[in-house]
Amino acid sequence: MKKIMAMLLVTGLLSACNSQNHEENNTASEATTETNHEHAEKATVLVLNNGAKWKADSVTNHNVVRLKTTADMFRVEPFPSIDNYQVLGNDLSNDVDTLIQQCKMKGDEHEALHKWLEPILNLTTQLKNTTDTAKARQIFKSADTRIDEYRNFFE
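Those letters in the sequence shown? Residues 1 to 155, per this note's numbering, in order.
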């Protein structure tokens, strides 16, 4: 049940990122729902934009720096407890929420951003809910690596 709720939250947050100008009729709304569903299925592999980095706006870049700073500050914690990892999960989740709320990107760049972001959303949810320190360490390492990959795909 938690996984279903998490996926609904992820889907809602991701679609909210691009919803501010959508006041269309029910047919368009149904098409958007289908597109979002297809988007969620396709959003597994992030690739460069014909060999070049994707263009991100300054607000997105700023929010990714915040996300990176949160991870960097945690990395210096010498012996993090499970509580520390859960707090980190909440902090990273808040940073992601801010990134999504302030997102103004559109088109292919927007889709690429979601492909980069979706695994981070899943990892932060896992981090908030884990009760095993070794597993939390592994989840953080994956999230930290994914956050670092941003600079490989976006400018």
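For each residue, glycine too, the CB sits at the ideal point set by N, CA and C.
Distance between Asn84 and Gln138 (C-alpha atoms, nearest Å): 14 Å
From Asp144, His110 and Asn90, residue whose alpha carbon lies closest to that of Leu48: His110
Whole-Å CB distance - Cys103 paired with Thr133, under 8 Å assumed: Actually they do not touch by this definition, with Cβ atoms about 33 Å apart.
Local Cβ density within 10 Å of Thr169, reported as buried at 16 or more and exposed below that: Nothing about residue 169 can be read from this structure; the chain reaches only from 1 to 155.
Same chain only: Cβ atoms within 6 Å of Gln185, ignoring 5 sequence neighbours per side: Only positions 1 to 155 of the chain appear in this structure, which leaves residue 185 out of reach.
Exposure of Phe79, with buried meaning 16 or more beta-carbon neighbours within 10 Å: exposed
Secondary structure of Asn196, DSSP reduced to three states: With the chain covering 1 to 155 only, the question about residue 196 has no answer from this structure.
Lys115: first and last residue of the uninterrupted alpha helix (DSSP H) it sits in: Gly107 to Asn129
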